[in-house]
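Asker:
Residue numbers (the UniProt record's numbering): 1 to 280.
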């Protein structure tokens, strides 16, 4: 029995490593093809992968260990972008969840605001960039505004759908128990709508990252988007591609952290799924 108990973690770890290798082999192959093709063509605009990775380390991770290897360029351009992203995404989350719950619970409010919500969803946020520049100027407030506006709609709509999609049997049972509004909100409404809320928040992470870069491409004095444009004007394409790689890594990191938080907070939701029951 002890041998079997020890072998299970080993087998599980081996399977996990095997899945990781299978998922990365295509990426490794593409990088090798990129390296060979870039050296054969000799294009200024698409440098070899080795040059991009070298520029990545020199640009972003060339500081001392006491600074966590984060260079002065990282602090000058990445940190302002992350602050804008955090403020915009946080504002969209607060407004989206709050308004989504309001229009989901109070039907007259839902009917009243529905045309405005549909109109807001139909307008591309990037089209509002010139207006945002006029209103806010070339400031961080403009970037935060665009990020918040773009992330608001997925969170709001998913929250609304989550509230309206709560099982009516559960709602009827809560009313029969005469729960107070506070207990109903904390015990029934919020848990019932939270899977949909988290889905909208997860979708908005990618939207926030895209809008962060787009707003900084045209109206910023610091940030990753501003850095990309400045390197393009200087024909420093390895550095430009290193910023794109950094954006990809940030997106992967944000999604991984969000997936971990979701797994912890919605553990009860995952445990009641049929696939989870079958795995036991």
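Where a beta carbon is used, it is the ideal one built from N, C-alpha and C, also for glycine.
For residue 154, count the other beta carbons within 10 Å of its own beta carbon; 16 or more makes it buried, fewer makes it exposed. Which is it?
Answerer: Position 154 of the chain shown, counted from the first residue, corresponds to residue 154. Classification of residue 154: buried, given that the 10 Å Cβ count is 16 or more.
Asker: So, is residue 115 buried or exposed, given that buried needs 16 or more other C-beta atoms within 10 angstroms?
Answerer: Counted from its first residue, the chain shown places residue 115 at position 115. So residue 115 counts as exposed.
Asker: Measure how close the beta-carbons of residue 165 and residue 196 come, nearest whole angstrom, since I'm counting them as under 8 angstroms.
Answerer: Within the chain shown, numbered from 1, the residue matching residue 165 stands at position 165. Within the chain shown, numbered from 1, the residue matching residue 196 stands at position 196. At roughly 7 angstroms, the Cβ-Cβ gap stays under 8 angstroms, so residue 165 and residue 196 are in contact.
Asker: Between the C-alpha atoms of residue 180 and residue 174, what's the straight-line distance to the nearest angstrom?
Answerer: Against the chain shown, residue 180 aligns to sequence position 180. Against the chain shown, residue 174 aligns to sequence position 174. Spanning the two alpha carbons is a distance of roughly 9 angstroms.
Asker: In the DSSP assignment, find the alpha helix (DSSP H) that holds residue 225 and state where it starts and stops.
Answerer: Residue numbering aside, residue 225 sits at position 225 when the chain shown is read from its first letter. Unbroken alpha helix (DSSP H) run through residue 225: 224-233.
Asker: Can you tell me whether DSSP reads residue 178 as helix, strand or coil?
Answerer: Position 178 of the chain shown, counting from 1, holds the residue named residue 178. The answer is coil: DSSP assigns residue 178 none of H, G, I, E or B.
Asker: For the alpha helix (DSSP H) that residue 83 lies in, which residues bound it at each end?
Answerer: In the chain shown, residue 83 corresponds to position 83, counting from 1. That run of the alpha helix (DSSP H) goes 79-105.
Asker: Mind pulling the beta strand (DSSP E) runs of 3 or more residues that sit fully within the region 99-177?
Answerer: At a cut-off of 3 residues, not a single continuous stretch assigned as beta strand (DSSP E) sits fully inside the region 99-177.
Asker: Report the CB separation of residue 157 from residue 212 in whole angstroms; it is logged as a contact under 8 angstroms.
Answerer: Sequence index remark: in the chain shown, residue 157 carries index 157 (1-based). Sequence index remark: in the chain shown, residue 212 carries index 212 (1-based). In fact, because the Cβ distance is near 21 angstroms, the residues do not count as touching under 8 angstroms.
Asker: Kindly indicate which three-state DSSP category residue 59 falls into: helix, strand or coil?
Answerer: As a first step, residue 59 must be located in the chain shown, where it is residue number 59. DSSP places residue 59 in helix when its eight states are reduced to three.
Asker: With distances taken between CB atoms, is the gap from residue 149 to residue 134 smaller than 8 angstroms?
Answerer: Position 149 of the chain shown holds residue 149. Position 134 of the chain shown holds residue 134. No, these two residues do not count as a Cβ contact at 8 angstroms.
Asker: Which value, in whole angstroms, describes the spacing of the CA atoms of residue 64 and residue 239?
Answerer: To locate residue 64, count along the chain shown from 1; it is residue 64. To locate residue 239, count along the chain shown from 1; it is residue 239. Their Cα atoms are separated by approximately 20 angstroms.
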